[in-house]
Amino acid sequence: MPDLTSIISPEGLQAGALVLLAIAALVVAIYLIETMVRQEKSKDQVEDILHKRERVGTLAFPGAQGQAEEESPRLESAVVKATELGARWGQGRFGDVLLAEEDKAYLELAGFEDYGKAKALFSFVRAVLSIGLPVILLFVAGPVEIMGGHLMSYVLSIFFGFALGWMVPKWVLMRRVNQRKKAVDDELPLLVDLLRLLQGVGMSMDQSLYIIVKDFKAVFPVLSLELEVAVEQYNRGMPREQSMDRMINGMDNDDLTAICHLIAQVDKHGGAVQEPLTRFSERLREQRRSGLKEKIGKLTVKMTGVMVLTLLPALMIVTAGSGFIAVFRGLSRMGGG
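Just so you know, we're using the working numbering here: the sequence shown kicks off at 317 and counts up by one.
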């Protein structure tokens with residue numbers, strides 16, 4: 317343990333100042349991420365309210381926009397500065413190292429509405445954590461002796477701090493992408509049924525996709541955003557199949573890929589699509605039914621161990637308790653006699 321004089325020395329004061337600066341940077345980075353998520357949720361709520369009001373032909377609630385914009389000016393300025401710094405750091409060779417192609421692909425699949433802002437904040441958070449965590453670990457684990465000296469503790473602190481600071485933003489991003497992929501599995505059967513219904517009433521494929529994107533965002537929070545990107549790219553002149561390339565290659569879902577190919581074929585060659593959608597919907601229901609049966613079977617196996625640990629002792633006491641008591645009494649009498 318370091319003594320008081322070493323802590324009060326100029327080197328100790330500099331180390332303490334660096335640690336405090338790193339902690340402050342870490343807190344600001346976490347706060348910025350939470351603020352960005354909160355702003356996106358508020359924006360989605362405002363858009364849902366506006367769409368509902370437009371459907372019934374009434375004016376939107378005047379306090380909704382104000383409620384969504386109730387953010388602190390200091391916090392907004394901090395987010396803007398962090399975005400500017402992240403955008404500046406993300407340029408050039410340092411930006412290529414800070415944000416690899418795989419990370420850019422994850423950012424596109426994460427579903428952020430403002431891709432440029434998300435990219436800049438990701439670069440900022442990764443840079444801050446990669447510098448701040450090693451400094452914190454150096455101060456915490458630096459005085460610890462490993463293998464008879466402090467050198468190994470310094471090396472390990474720098475290595476693990478940098479590794480965690482570099483990988484934690486990517487892990488959070490991958491978790492968000494995996495959650496969206498799971499949401500696609502839940503939304504896809506209802507999307508197929510809705511497409512079949514809209515096609516059955518005589519709407520074209522463009523009209524059906526437009527209605528899904530504009531009026532069913534609350535029902536399909538993930539697929540509506542992906543379809544919106546595909547519709548915008550198609551309206552700009554991109555072929556239908558290329559506009560759905562992000563859904564085909566990004567979501568890793570064979571059923572979604574089949575639906576996208578079906579939509580592209582109908583757009584290219586025409587023809588009735590209601591009957592294929594009906595068969596596809598039945599197949600999806602059967603897959604969901606078999607998946608639920610598999611989950612129930614696994615849950616039953618897991619519950620067997622719980623029942624053995626909890627119910628079996630109580631059952632043994634209730635059923636065999638009187639017999640054991642009689643045996644013990646007989647043995648005690650034999651020993652006493």
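Glycine included, each C-beta is placed from N, C-alpha and C at the ideal position.
Please read all numbers here as calculations on a predicted model, not as lab measurements.
By how many angstroms is the C-alpha of residue j removed from the C-alpha of residue i?
i: residue 608; j: residue 601; result: 10 angstroms
i: residue 321; j: residue 566; result: With a pLDDT of 47 at residue 321, under the threshold of 50, the predicted position of this residue should be treated as unreliable, and no value is reported.
i: residue 417; j: residue 442; result: 15 angstroms
i: residue 643; j: residue 632; result: 15 angstroms
i: residue 594; j: residue 572; result: 15 angstroms
i: residue 549; j: residue 576; result: 14 angstroms
i: residue 392; j: residue 453; result: 30 angstroms
i: residue 396; j: residue 551; result: 32 angstroms
i: residue 574; j: residue 344; result: 44 angstroms
i: residue 617; j: residue 476; result: 39 angstroms
i: residue 385; j: residue 342; result: Summary for residue 385: the model assigns pLDDT 48, below 50, so the residue's position carries little reliability; its value from the coordinates is reported in the next sentence. Whole-angstrom Cα-Cα distance: 25 angstroms.
i: residue 411; j: residue 440; result: 10 angstroms
i: residue 387; j: residue 613; result: Unreliable placement is indicated for residue 387, whose pLDDT of 48 sits below 50; no coordinate value is reported for it.
i: residue 449; j: residue 635; result: 59 angstroms
i: residue 518; j: residue 526; result: 14 angstroms
i: residue 432; j: residue 528; result: 26 angstroms
i: residue 521; j: residue 536; result: 17 angstroms
i: residue 650; j: residue 640; result: 15 angstroms
i: residue 569; j: residue 425; result: 13 angstroms
i: residue 350; j: residue 398; result: 13 angstroms
i: residue 543; j: residue 447; result: 39 angstroms
i: residue 404; j: residue 561; result: 30 angstroms
i: residue 473; j: residue 445; result: 14 angstroms
i: residue 596; j: residue 524; result: 17 angstroms
i: residue 429; j: residue 541; result: 9 angstroms
i: residue 390; j: residue 348; result: 12 angstroms
i: residue 606; j: residue 619; result: 20 angstroms
i: residue 470; j: residue 479; result: 14 angstroms
i: residue 283; j: residue 621; result: Any property of residue 283 remains undetermined from this structure, which presents the chain solely from 317 to 653.
i: residue 626; j: residue 637; result: 17 angstroms
i: residue 414; j: residue 559; result: 29 angstroms
i: residue 356; j: residue 394; result: 17 angstroms
i: residue 647; j: residue 624; result: 30 angstroms
i: residue 610; j: residue 500; result: 19 angstroms
i: residue 438; j: residue 451; result: 20 angstroms
i: residue 514; j: residue 339; result: 54 angstroms
i: residue 434; j: residue 346; result: 14 angstroms
i: residue 532; j: residue 467; result: 59 angstroms
i: residue 586; j: residue 516; result: 15 angstroms
i: residue 530; j: residue 336; result: 48 angstroms
i: residue 377; j: residue 455; result: For residue 377, the predicted model reports a pLDDT of 39, less than 50, meaning its position is unreliable and no value from the coordinates is stated.
i: residue 400; j: residue 406; result: 10 angstroms
i: residue 352; j: residue 553; result: 32 angstroms
Would you mind reading off the limits of the alpha helix (DSSP H) that contains residue i?
i: residue 420; result: 417-425
i: residue 586; result: That residue, residue 586, is in no alpha helix (DSSP H); it is neither H nor E in DSSP.
i: residue 407; result: From DSSP, residue 407 is part of no alpha helix (DSSP H); its letter is neither H nor E.
i: residue 567; result: From DSSP, residue 567 is part of no alpha helix (DSSP H); its letter is neither H nor E.
i: residue 552; result: Taken as a continuous stretch (DSSP letters only), residue 552 belongs to no alpha helix (DSSP H), as it is neither H nor E.
i: residue 478; result: 467-516
i: residue 521; result: 521-531
i: residue 557; result: 556-559
For the putative contact between residue i and residue j, defined by C-beta atoms under 8 angstroms, what is the C-beta separation to the nearest angstrom?
i: residue 546; j: residue 563; result: 6 angstroms
i: residue 598; j: residue 539; result: Not confirmed; about 20 angstroms, so no contact.
i: residue 419; j: residue 486; result: 6 angstroms
i: residue 422; j: residue 488; result: Actually they do not touch by this definition, with Cβ atoms about 10 angstroms apart.
i: residue 604; j: residue 583; result: Not quite, the Cβ-Cβ distance comes to about 27 angstroms (not below 8 angstroms), so this is no contact.
i: residue 578; j: residue 592; result: 6 angstroms
i: residue 491; j: residue 590; result: Incorrect: roughly 38 angstroms between the Cβ atoms, too far for contact.
i: residue 402; j: residue 436; result: 3 angstroms
i: residue 354; j: residue 427; result: No, residue 354 and residue 427 are not in contact; Cβ-Cβ is about 16 angstroms, not under 8 angstroms.
Open item on the list: Taking contact to mean 3 or more Cβ pairs, one atom from each stretch, closer than 8 angstroms, check whether the stretch 472-487 and the stretch 506-514 are in contact.
Closed with: no
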